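S.K.: Have a look at the structure that comes next, please.
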Amino acid sequence: MAGVGTPDRSHEMGLHGERLRGRTQQSFFSSSASESCVYPWSYEVDFDKRADFDAAGMEVRAVNIRIRELMQQGYGTISVRNPGARHGLGVGILNRLNLIFEGSLGYFACGLGDGPNIHVKGRVGWSCGENMMAGTVRVDKNAGSTFGAAIRGGDLVCRGDVGSRTGVDMKGGTILVGGRTGAFSGFMMQRGRLVVMGDAGKNLGDSMYDGTIYVGGRIQSLGVDAVEEEPSELDAGWLQRKLGVYGLEAPNGVQNVKKIVSGKQLWNYDSLEPAEKKLVL
């Protein structure tokens, strides 16, 4: 192995003597956690210890701070009454928690979460569960567009219909829709599973890189590089178990669910000839 133990050019240039500045490495997870990795600053909560408060008249920031104060006091189950469809509620919770909203939420609800189990007893606006990392979010009624945008993990569930671009830029986790989804759902998805029990709008799975989409109803049209594939017994088994967890059912049985995957023609798009690019698009 040439050069081992001898000065090299990087030493001659003084690179090893330069003072590096910036962020240092930090420990974000506790390796001693018994059940799962947790953040070192997370609160110890007891799910049997319950609290509730009325959010009527409170500012969004005050509601979110109140939730954190109750977690700090050890409350593991928190119910929020009268959320009033405010935007940005229940965001950035990096803790195990049972959180119930007794009503509808606005835009960007329950995003950036890592661990909480959230139940919304109403509707949600755009981008619910955006960048969700772990845990569950269940919505009893309908949801707006970009439901689960850039989701990375966990289960995001809507029992009703959702808008367009559901699962846009999806990077992991599972999105379950009990009803219909709008146009461009699964757009540019990279990993994970998008399950729609109703009909899907046009351009489903457009430009998807990887991942899997299941549709129980009709598909208006497939997007660029999205192709239908024959589902396997493993697909049917997984769907049966996952839908059963949330009390959902495939309208025509899991055996008749359509499976959409990437055709992988865009993987090497830059190396294609101009004529070939036109065929792909």
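Just so we're aligned: 140 in the working numbering is position 130 of the sequence shown, and the numbers increase by one with no gaps anywhere.
C-beta: ideal position from N, C-alpha, C; glycine also.
Keep in mind that this is a model prediction, so the values were computed, not measured.
Taking Cβ to Cβ, would you say G121 is nearer than 8 Å to R106?
M.R.: Their beta carbons are not under 8 Å apart, which means G121 does not touch R106 by this criterion.
S.K.: Any idea what DSSP makes of G6, helix, strand or coil?
M.R.: For the chain, the structure presents residues 11 to 291; residue 6 sits outside this window and is missing.
S.K.: Might you give, ordered along the chain, the residues of its own chain that have their beta carbon closer than 6 Å to the beta carbon of Q230, omitting 5 neighbours on each side?
M.R.: So the list reads G211 and K212, once near-sequence residues are dropped.
S.K.: Do E238 and K268 come within 8 Å of each other at the CB atom, strictly closer than that value?
M.R.: Cβ atoms of K268 and E238: closer than 8 Å.
S.K.: Measure the C-alpha to C-alpha separation of S114 and P93 and round it to an integer number of angstroms.
M.R.: Spanning the two alpha carbons is a distance of roughly 7 Å.
S.K.: Which residue comes first and which comes last in the beta strand (DSSP E) that contains I77?
M.R.: Note, I77: premise wrong, no beta strand (DSSP E); alpha helix (DSSP H) at V70 to Q82.
S.K.: For the beta strand (DSSP E) that L204 lies in, which residues bound it at each end?
M.R.: Counting along the chain, the beta strand (DSSP E) containing L204 begins and ends at R201 to V206.
S.K.: State the DSSP-derived secondary structure class of D165, mapped to helix, strand or coil.
M.R.: Note: D165 maps to strand in three-state DSSP.
S.K.: Are the Cβ atoms of D216 and G192 separated by less than 8 Å?
M.R.: Taking 8 Å as the Cβ cut-off, D216 and G192 do not qualify as a contacting pair.
S.K.: State the Cα-Cα distance for the pair S272 and Y85, rounded to the nearest angstrom.
M.R.: Roughly 44 Å between the two C-alpha positions.
S.K.: In the DSSP assignment, the alpha helix (DSSP H) including D245 goes from what residue to what residue?
M.R.: From DSSP, the alpha helix (DSSP H) with D245 extends over E243 to V255.
S.K.: Report the rounded CA-to-CA distance for F57 versus T146, giving the unit in angstroms.
M.R.: When rounded, the distance between both Cα atoms is 15 Å.
S.K.: Alpha carbon to alpha carbon, how far is R91 from A72?
M.R.: Their backbone Cα atoms lie some 14 Å apart in a straight line.
S.K.: For the stretch 59-144, list the beta strand (DSSP E) runs that are entirely contained and at least 3 residues long, ordered along the chain.
M.R.: The qualifying runs are 85-91, 108-112 and 124-130.
S.K.: Within a Cβ cutoff of 8 Å, which residues of the same chain sit near Y117, ignoring the five residues on either side of it in sequence?
M.R.: Contacts found: H97, G98, G135, W136, S137 and G154.
S.K.: Just checking my contact of R162 with G177 at CB under 8 Å: how many whole Å lie between their CB atoms?
M.R.: Incorrect: roughly 12 Å between the Cβ atoms, too far for contact.
S.K.: Report the three-state DSSP secondary structure of V271 (helix, strand or coil).
M.R.: Three-state DSSP puts V271 in a strand.
S.K.: Using a threshold of 8 Å, state whether the C-beta atoms of V167 and Y256 are closer than that.
M.R.: Result yes, Cβ atoms of V167 and Y256 sit closer than 8 Å.
S.K.: Please go through the same chain and pick out, in chain order, the residues whose beta-carbon is closer than 6 Å to the beta-carbon of N127, but skip the five residues on each side of it.
M.R.: Contacts found: N108, G145 and T146.
S.K.: Can you name, in chain order, every residue of its own chain whose Cβ lies under 7 Å from the Cβ of D245, other than the five neighbours on each side?
M.R.: Once the five neighbours on either side are set aside, the close Cβ partners of D245 are K269.
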